[in-house]
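Student: I have a structure here, written as structure tokens, and I will follow up with some questions on it.
Number of protein chains: 2
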Amino acid sequence: MKTIVEQLNQEQLSEVRRQMEIYTQGVQEIIPSEELEVKVAKSIMKNRPLKIKLGLDPSAPDVHLGHTVVLNKLRLFQDNGHVIQLLIGDFTGKIGDPTGKSVARKQLTDDEVKHNAKTYFEQFGKVMDMEKVELHFNSKWLSKLNFEDVINLAGKITVARLMERDDFEERIALGKPISLHEFFYPLMQGYDSVELECDIELGGTDQHFNILMGRHFQEKFGREKQVAMLMPLLEGLDGVEKMSKSKKNYIGIDEQPQDIYGKAMSIPDELMVKYFELITDFSPDDLAKIKTDLESGELHPRDAKMLLGKTIVRIYHGEEAADKAEKGFISVFQQGAMPDEIPTIVWDGKKEVAVVDLLVELDMLNSKSEARRMIQNKGVKVNGEKVEDTHTVISITNDLVIQVGKRKFVKIHI
Amino acid sequence: MKTIVEQLNQEQLSEVRRQMEIYTQGVQEIIPSEELEVKVAKSIMKNRPLKIKLGLDPSAPDVHLGHTVVLNKLRLFQDNGHVIQLLIGDFTGKIGDPTGKSVARKQLTDDEVKHNAKTYFEQFGKVMDMEKVELHFNSKWLSKLNFEDVINLAGKITVARLMERDDFEERIALGKPISLHEFFYPLMQGYDSVELECDIELGGTDQHFNILMGRHFQEKFGREKQVAMLMPLLEGLDGVEKMSKSKKNYIGIDEQPQDIYGKAMSIPDELMVKYFELITDFSPDDLAKIKTDLESGELHPRDAKMLLGKTIVRIYHGEEAADKAEKGFISVFQQGAMPDEIPTIVWDGKKEVAVVDLLVELDMLNSKSEARRMIQNKGVKVNGEKVEDTHTVISITNDLVIQVGKRKFVKIHI
């Protein structure tokens with residue numbers, strides 16, 4: 001008996017190859033990759049789109065470049081006629097944390113869930129065609145399960161299997177308690193795949209365990225198993241931790257062009273190629289050239305980074321904004337006003353001074369009212385800390401750095 | 001501030017002492033016993049009965065003396081005006097085993113559950129006043145829980161705590177899988193106590209973990225915690241294993257007087273006192289006397305056992321039946337037909353012989369048709385093994401023991 005792939009004609013076969021090359025580019029792991037090929041082949045033979053799932057946290061989204069690693073891949077599937085299933089895990093969000101211990105896991109209302117879904121939709125619209133995307137909320141089926149259903153679901157998985165999840169294993173080793181309800185989150189994610197009948201689930205490598213739950217439960221429910229496609233995690237601007245909102249090491253796709261460009265310039269050199277690969281729309285050939293030129297020295301890292309910054313701005317704000325951001329950067333920074341060359345001003349005034357007075361006396365702003373406005377707009381920082389209140393009084397110390405807006409710095413010498 | 005017990009007057013105090021003596025007699029463990037005293041004291045002070053829970057398996061009941069250890073204790077509570085809550089775990093029974101692995105855990109229908117509950121009721125009626133007993137089915141509340149409720153319940157217990165249960169711990173040590181749904185059975189039992197608002201839960205020592213779940217969940221739900229009263233497990237007729245239907249080492253309370261009496265006579269000597277303590281209605285003084293007389297040799301173990309047999313028959317069949325059973329026993333066994341004095345018959349016939357022929361030739365039965373009937377009624381054993389088929393052919397060996405009915409034995413010599 002012939003395999004699906006063997007049944008294809010030459011044209012179909014080369015279409016499978018073409019799509020596989022696109023899909024596998026830059027992916028960290030495909031489990032199992034032979035099944036992906038079979039699914040693509042079937043889809044071509046039967047002219048039936050694949051269903052590609054992405055699970056989303058229902059809490060307030062602020063989409064950053066870390067997310068786009070997965071979104072860009074989804075977009076490639078969409079470009080080839082497949083269907084994206086965005087799954088908002090609102091059921092969990094509406095429950096909150098039953099132990100009451102996690103402050104982060106606060107309970108969301110229906111309105112909050114809807115609002116957050118809308119935000120995802122708006123922001124994802126910069127990467128893919130949202131009119132072709134399916135939007136699902138897992139409360140639709142999970143809220144309907146009764147205790148008997150839950151027990152039947154729980155009967156399809158062993159405790160030992162669940163304890164293999166890295167974070168559970170670690171907590172067990174450290175003697176840290178795991179509440180029984182936590183075992184249900186991977187179950188839910190797995191069951192969502194049963195309901196959605198998805199062919200592929202995408203996620204970061206940190207979703208390895210949870211995405212395999214989808215395969216597990218689809219099999220237990222007698223369905224075709226999904227393929228897990230795990231994308232590399234993008235390190236943030238610190239070059240160490242995964243890019244995330246909470247670590248404040250991210251570039252949001254909704255940020256202003258100038259800010260995106262500026263932040264891109266602070267990416268560590270050694271991550272540059274990874275950023276080009278994962279978050280730009282460069283072709284494999286273009287990527288190869290950048291890599292070679294960087295290695296040979298033909299492309300200066302700073303120039304490569306400027307290209308990266310400009311590219312990111314172009315993707316999310318268009319050509320014009322990209323040109324403007326580049327020009328702005330060149331005029332401010334390349335003309336000698338880099339933050340590592342901050343002007344120092346000797347201070348011989350009071351040791352305790354109202355921040356609005358300080359800003360005027362340092363000539364950073366023209367008037368107290370301008371200073372107040374700037375503080376209200378969150379544009380004033382002292383030693384990197386945002387000044388929240390216009391009545392703040394500053395204790396002057398040596399080397400205190402005052403910043404106004406993105407680019408104006410003064411260091412105090414006493 | 002005075003404790004509850006300190007607030008009682010002399011009369012109330014001596015009533016607390018009286019009840020406590022009755023309740024604690026023969027109990028293996030009370031967790032914690034000071035709380036039991038407080039509960040009894042409160043009940044006397046406020047003239048409010050305590051609620052005493054007993055959980056029951058919904059599968060086909062066949063109540064034996066092992067059960068009566070707990071039932072007798074419940075009866076004492078009832079005699080003192082407290083309320084017995086019988087809880088039939090029908091929710092679990094209706095689900096069956098979701099993994100499909102356990103044949104024993106077959107799914108029960110509503111009718112089967114009702115029928116089994118009725119059987120419990122009839123049989124328990126021999127020990128307590130069933131008109132005063134509350135009957136509950138946990139499907140009433142458990143079937144109403146939705147996934148969110150289940151997650152909230154699961155959030156109130158840790159995985160580590162559940163893994164402490166002896167059988168789970170053992171299976172983990174042996175690498176045997178535990179399905180996640182199994183973690184829910186102790187949760188349900190615990191949650192039942194929340195719903196029933198019970199003050200005390202009774203059970204065998206093997207229910208230690210499950211009954212403490214009741215305390216745990218009552219506390220988590222902000223209720224007053226139940227006291228766990230754990231009764232010793234009664235070893236069966238083999239003197240080793242816990243009395244149980246599956247081990248066939250039991251005396252059913254519904255059995256015929258003669259059978260109960262006969263089985264009682266086979267109880268190992270060293271268990272006799274325990275049987276007197278746990279399954280008769282003897283007063284503490286009477287029990288003490290039996291113990292002393294046995295130790296001094298004033299009471300012969302055989303006579304003690306006869307008293308035990310007669311007592312059990314009296315409890316479940318009345319005085320008359322007890323007298324008759326005793327007389328019957330004396331006539332059959334004490335007149336020289338004890339099984340350890342089995343008549344030996346020298347066999348010089350064929351080495352392979354049809355069992356029906358053998359029974360007639362040995363003069364154990366009068367005709368082949370009688371022999372066939374006896375085999376069909378499961379009344380024939382060869383070397384202790386029941387003969388299932390009337391066509392069985394026996395291979396004759398030295399010392400082969402043939403048994404017909406309860407009391408007729410022949411040993412073959414070749």
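Read top to bottom, the protein sequences are chains A and B. Quick note: the first sequence, position 348, residue 348 per UniProt numbering, numbers continuous. Quick note: the second sequence, position 287, residue 287 per UniProt numbering, numbers continuous. Using N, Cα and C, we set each Cβ at its ideal position, and we do this for glycine too. Here the structure is a predicted model, which means the values were calculated and not measured.
1. Considering only residues of the segment 61-102 of chain A, which uninterrupted beta strand (DSSP E) runs meet the minimum length of 3 residues and lie entirely inside it, listed in chain order?
2. Tell me the DSSP secondary structure of B/Thr280 in three-state form.
3. DSSP three-state label for A/Phe164, please.
4. Would you say A/Asp340 lies against chain B (beta-carbon separation less than 8 Å)?
5. Is A/Leu108 helix, strand or coil by DSSP?
6. How would you list, in chain order, the residues of chain A whose beta-carbon sits under 7 Å from the beta-carbon of B/Pro177?
7. Distance check for B/Ile375 and B/Ala337, CA to CA, integer angstroms please.
8. Would you report the Cα separation of B/Tyr23 and B/Thr280, rounded to the nearest angstrom?
9. Can you tell me whether A/Asn9 is buried or exposed? The criterion is at least 16 other CB atoms within 10 Å of its CB, across all chains shown.
10. Might you give, ordered along the chain, the residues of its own chain that have their beta carbon closer than 6 Å to the beta carbon of residue 454 of chain A, omitting 5 neighbours on each side?
11. Whole beta strand (DSSP E) runs in the UniProt domain "RNA-binding S4" (354-413) of chain A with 3 or more residues, listed along the chain?
12. Apart from the five residues just before and just after A/Met163, which ones in its own chain have a Cβ nearer than 8 Å to its Cβ?
13. Going by other Cβ atoms of all chains shown within 10 Å of its Cβ, with 16 needed for buried, is A/Gly318 buried or exposed?
14. Which of the residues in the segment 247-275 of chain B, read from start to end, lie with their CB under 9 Å from any CB of chain A?
15. Could you give the residue range of the beta strand (DSSP E) that holds A/Leu54?
16. Look up B/Ile260 in the DSSP assignment and say whether it is helix, strand or coil.
17. Taking the continuous beta strand (DSSP E) assigned at B/His136, which residues delimit it?
18. Just the Cα atoms here: how many angstroms apart are A/Asp340 and A/Ser33?
19. Between the C-alpha atoms of A/Ile200 and A/Glu277, what's the straight-line distance to the nearest angstrom?
20. Give a yes or no on whether the minimum CB-CB distance between A/Asn146 and chain B is below 8 Å.
21. Can you list, in chain order, the residues of its chain whose CB lies under 8 Å from that of A/Gly125, leaving out five sequence neighbours each side?
22. Who are the neighbours of residue 451 of chain A on chain B, taking C-beta pairs under 8 Å?
23. Taking 8 Å as the threshold, find out whether the segment 74-94 of chain A comes into contact with the segment 46-65 of chain A through three or more Cβ pairs.
24. On the premise that B/Val360 lies in contact with B/Lys413, defined as a C-beta separation below 8 Å, what is that separation, rounded to the nearest angstrom?
25. Using 10 angstroms around the beta-carbon of A/Arg17, count the other beta-carbons present and answer buried if the total reaches 16, otherwise exposed.
26. Is B/Ile394 closer than 8 Å to B/Val380 when the C-beta atoms are compared?
27. Counting Cβ pairs closer than 8 Å, one from the segment 183-195 of chain B and one from the segment 185-193 of chain A, do we hit at least three?
28. Looking at chain A, is there any beta carbon in it that lies within less than 8 Å of the beta carbon of B/Ser143?
29. Say whether chain B places a C-beta atom closer than 8 Å to the C-beta of A/His181.
30. Identify, in the order they occur along the chain, each residue of the same chain with its Cβ nearer than 8 Å to the Cβ of B/Met20, setting aside the five sequence neighbours on each side.
31. Taking contact to mean at least 3 C-beta pairs separated by less than 8 Å, is the segment 201-211 of chain A in contact with the segment 222-230 of chain A?
32. For A/Val240 and A/Leu71, I'd like the C-alpha separation in whole angstroms.
33. Quick one: grab the DSSP three-state call for A/Leu153.
34. Indicate whether A/Leu308 and A/Met272 have their beta-carbon atoms separated by less than 8 Å.
35. Could you spell out the range, first to last residue, of the alpha helix (DSSP H) harbouring B/Thr24?
36. How should B/Thr68 be labelled, buried or exposed, when 16 other C-beta atoms within 10 angstroms of its C-beta is the threshold for buried?
Tutor: With the given structure in hand:
1. As far as the segment 61-102 of chain A is concerned, its whole beta strand (DSSP E) runs of at least 3 residues are 83-88.
2. As a working note, residue 280 of chain B is residue 280 in the second sequence. Coil at B/Thr280, not helix or strand.
3. Walking along the first sequence from the start, residue 164 of chain A turns up at place 164. According to the sequence displayed, residue 164 of chain A carries Glu and not Phe. Residue state, collapsed to three classes: coil.
4. Residue 340 of chain A sits at position 340 when you count from the first residue of the first sequence. In this predicted model, A/Asp340 has a pLDDT of only 49, less than 50, meaning its place in the structure is not dependable; the value taken from the coordinates is given anyway. Cβ-Cβ to chain B under 8 Å: no for A/Asp340.
5. As a first step, residue 108 of chain A must be located in the first sequence, where it is residue number 108. Here A/Leu108 sits in coil by DSSP.
6. To locate residue 177 of chain B, count along the second sequence from 1; it is residue 177. Those within 7 Å of B/Pro177 in chain A are Thr158, Ala160.
7. Stepping through the second sequence from its first residue, residue 337 of chain B is reached at position 337. Stepping through the second sequence from its first residue, residue 375 of chain B is reached at position 375. Unreliable positioning characterises B/Ala337 in this predicted model, as indicated by a pLDDT of 45, which lies under 50. A coordinate reading is not provided.
8. Here residue 23 of chain B refers to the residue found at position 23 of the second sequence. Here residue 280 of chain B refers to the residue found at position 280 of the second sequence. Here the alpha carbon of B/Tyr23 sits roughly 15 Å from the alpha carbon of B/Thr280.
9. Within the first sequence, numbered from 1, the residue matching residue 9 of chain A stands at position 9. It counts as exposed.
10. Residue 454 of chain A falls outside the range modelled here, since chain A spans only 1 to 414, and no answer is possible.
11. Entirely contained in the UniProt domain "RNA-binding S4" (354-413) of chain A, the beta strand (DSSP E) runs reaching 3 residues are, in chain order, 380-382, 393-395, 401-404, 408-413.
12. What you label residue 163 of chain A is simply residue 163 of the first sequence in a count that begins at 1. Glu169, Ile172, listed in sequence order.
13. The residue labelled residue 318 of chain A in the question sits at position 318 within the first sequence. Around the Cβ of A/Gly318, a 10 Å sphere holds fewer than 16 other Cβ atoms; the residue is exposed.
14. For the segment 247-275 of chain B, which is checked against every Cβ of chain A, not one residue is closer than 9 Å.
15. The sequence position of residue 54 of chain A within the first sequence is 54, counting from 1. From DSSP, the beta strand (DSSP E) with A/Leu54 extends over 51-56.
16. The residue labelled residue 260 of chain B in the question sits at position 260 within the second sequence. Helix, per DSSP.
17. As a first step, residue 136 of chain B is located in the second sequence; it is residue number 136 there, counting from the start. Taken as a continuous stretch (DSSP letters only), the beta strand (DSSP E) holding B/His136 covers 134-137.
18. One-based indexing of the first sequence puts residue 340 of chain A at position 340. One-based indexing of the first sequence puts residue 33 of chain A at position 33. At A/Asp340 the pLDDT is 49, less than 50, meaning the model places this residue with poor confidence; the figure from the coordinates comes in the next sentence. Their Cα atoms are separated by approximately 48 Å.
19. Sequence index remark: in the first sequence, residue 200 of chain A carries index 200 (1-based). Sequence index remark: in the first sequence, residue 277 of chain A carries index 277 (1-based). Between A/Ile200 and A/Glu277, the C-alpha separation is close to 22 Å.
20. For the purposes of this step, residue 146 of chain A is taken as residue 146 along the first sequence, with counting starting at 1. Judged by the 8 Å Cβ criterion, A/Asn146 is in contact with chain B.
21. Position 125 of the first sequence, counted from the start, is the residue given in the question as residue 125 of chain A. Non-local C-beta neighbours of A/Gly125 in its own chain, meaning closer than 8 Å and more than five positions away in sequence, are absent.
22. In the structure displayed, chain A extends from 1 to 414; residue 451 of chain A sits before or after that span and is not available.
23. With a cut-off of 8 Å, the segment 46-65 of chain A and the segment 74-94 of chain A count as touching, because enough Cβ pairs lie within range.
24. Counted from its first residue, the second sequence places residue 413 of chain B at position 413. Counted from its first residue, the second sequence places residue 360 of chain B at position 360. As written in the sequence, residue 413 of chain B is His, which differs from the Lys given in the question. That belief does not hold up - the Cβ atoms of B/His413 and B/Val360 are roughly 19 Å apart, past 8 Å.
25. As a first step, residue 17 of chain A is located in the first sequence; it is residue number 17 there, counting from the start. With fewer than 16 other Cβ atoms within 10 Å, it is exposed.
26. For the purposes of this step, residue 380 of chain B is identified with residue 380 of the second sequence, where counting begins at 1. For the purposes of this step, residue 394 of chain B is identified with residue 394 of the second sequence, where counting begins at 1. It is not a contact, given that the beta carbons lie outside the stated cut-off.
27. Touching, no.
28. Locating residue 143 of chain B in the second sequence gives position 143, counting from the first residue. It does; some Cβ of chain A falls within 8 Å.
29. One-based indexing of the first sequence puts residue 181 of chain A at position 181. Put simply, the CB of A/His181 is near chain B, with a gap under 8 Å to one of its CB atoms.
30. Indexing the second sequence from 1 puts residue 20 of chain B at position 20. Counting only Cβ-Cβ distances below 8 Å, and skipping sequence neighbours, we find Leu36, Glu37, Val40.
31. With three or more CB-CB distances shorter than 8 Å, the segment 201-211 of chain A counts as touching the segment 222-230 of chain A.
32. For this step, residue 240 of chain A is matched to residue 240 along the first sequence. For this step, residue 71 of chain A is matched to residue 71 along the first sequence. Rounded to the nearest angstrom, the two C-alpha atoms are 22 Å apart.
33. Your numbering for residue 153 of chain A matches position 153 in the first sequence. The answer is helix: DSSP assigns A/Leu153 an H, G or I state.
34. Within the first sequence, residue 308 of chain A is the residue found at index 308, counting from 1. Within the first sequence, residue 272 of chain A is the residue found at index 272, counting from 1. Against a cut-off of 8 Å, the Cβ pair of A/Met272 and A/Leu308 comes out as a contact.
35. Walking along the second sequence from the start, residue 24 of chain B turns up at place 24. Per DSSP, B/Thr24 is one residue of the alpha helix (DSSP H) stretching across 10-24.
36. Translated into the one-based positions of the second sequence, residue 68 of chain B becomes position 68. Result: buried.
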